[in-house]
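Undergrad:
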DNA sequence: TTTAGTGCAAAGGCTTTGCAGATGT
DNA sequence: ACATCTGCAAAGCCTTTGCACTAAA
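Protein chains in written order, with my numbering: chain A, 73 to 218; chain B, 73 to 218.
1. Enumerate in chain order the residues of its own chain whose CB-to-CB distance from residue 148(B) is below 8 Å, with the five nearest sequence positions on each side excluded.
2. Using 8 Å as the limit for Cβ to Cβ distance, is residue 203(A) near chain B?
3. Taking Cβ-Cβ distances shorter than 9 Å, what residues in chain A pair up with residue 192(B)?
4. Using the Cβ count rule (16 or more neighbours within 10 Å means buried), how would you classify residue 95(B)?
5. Give a yes or no on whether the C-beta atoms belonging to residue 119(B) and residue 170(B) are separated by under 8 Å.
6. On the CB-based measure, 16 or more other CB atoms within 10 Å of its CB, does residue 174(A) come out buried or exposed?
7. Does any residue of chain B bring its CB to less than 8 Å from the CB of residue 215(A)?
8. Does any CB atom of chain A fall closer than 8 Å to the CB of residue 195(B)?
9. Between which two residues does the beta strand (DSSP E) carrying residue 209(A) extend?
10. Taking residue 100(B) as the reference, give the member of 136(B), 183(B), 184(B) with the closest Cα.
11. Starting from residue 117(B) and walking both ways along the alpha helix (DSSP H), at which residues does that stretch end?
12. Compare the C-alpha of residue 115(B) against each of 150(B), 201(B), 84(B), 83(B) and name the closest.
13. Under 8 Å: do the region 174-186 of chain A and the region 176-189 of chain B share three or more Cβ pairs, one atom per stretch?
14. Short check: CB of residue 215(B) to CB of residue 201(A), under 8 Å?
15. How far does the beta strand (DSSP E) with residue 172(B) in it reach, from first residue to last?
16. Of all Cβ atoms in chain B, is any one closer than 8 Å to the Cβ of residue 218(A)?
17. Could you tell me which chain A residues have their CB closer than 8 Å to the CB of residue 149(B), listed as they occur along the chain?
18. Grouping DSSP H, G and I as helix and E and B as strand, with all else coil, what is residue 148(A)?
19. In terms of residues, what are the limits of the beta strand (DSSP E) holding residue 161(B)?
20. Are the C-beta of residue 178(A) and some C-beta of chain B separated by less than 8 Å?
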């Protein structure tokens, strides 16, 4: 049986836009397309440069504002690593994951471990703390850089 | 039996200074004293303000540069949380710990869990990744803010 | 038509740097 | 003496904002 309605990222985005009385624009649609088909962990600048190929007149601020909007409606996460500029990660229909980050080449490897997740929740509870979200980043040397 | 030589943070700092051909100054000693007796997770600005009490002529850049020096010689860690300004945590003779961070009051609670640490190492190894360091931050609501 | 969005440029906010004078060694 | 350190101010760097114009609804 198949009673489920499939919601694409675009559906979610358009719904959000409508509910909030915002407007859908050429730029928004284009940013959505490029963002979801680009490399994960993209910076504003990288996305801005990609956008200019198809929408040459686009402004940096527009890209930036729309990435914020994507975070707001739950379709992206902002990742800040040390002093690096912010990176944005698409978030759609996938479980939470952590990152292995290579300190030589900068690569992000996505991993997840349900045991660690559970222990984290226990750790929070043991401190009378209600966990909302978490970030785990392991820095080291990746296979290729050894 | 007691053959161990006790190294204070100051010993380590002075050794590092000497080895590198750097110089010990009035400001450095003062910053070391204040930093290690101040609240953990202090910002440059907070430390700068505290420093001015005993060393009124001190400059912001001096505080900043010496915090970097402390990180360099392993006596401090820089912590960056989202868009907040950098915070510095004294690191001396204590095991690694993670943070529970209250999203209401901003409080940092230090916690550690050896099981999680072990699983993190396994997770890294399973990905052919040599772990060097890691950060785990759990955001949520603390006891007092519930 | 009305109100939100865009693009530009300027402003912010924190971090970092250049430099002349002061200061350890 | 000589190289490092300091304090100041300026520059950097990324992010955010103000504003006049454009364009969804």
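C-beta: ideal position from N, C-alpha, C; glycine also. Given the structure is predicted, the values throughout are model-derived calculations rather than measurements.
TA: Walking through what the data contain:
1. 107, 139, 142, 160, 161, 162, 163.
2. yes
3. By Cβ distance, chain A contributes 170, 185, 188, 208, 210.
4. That one is exposed.
5. no
6. buried
7. Yes, residue 215(A) counts as interfacial toward chain B.
8. yes
9. Per DSSP, residue 209(A) belongs to the beta strand (DSSP E) from 202-213.
10. 136(B)
11. Residue 117(B) -> alpha helix (DSSP H) spans 116-126.
12. 150(B)
13. no
14. Remark: C-beta atoms of residue 215(B) and residue 201(A) approach each other more closely than 8 Å.
15. Where residue 172(B) is concerned, the enclosing beta strand (DSSP E) stretches over 170-174.
16. By this cut-off, residue 218(A) is an interface position.
17. What residue 149(B) touches in chain A: nothing, since even the nearest Cβ is about 11 Å away.
18. strand
19. 159-162
20. no
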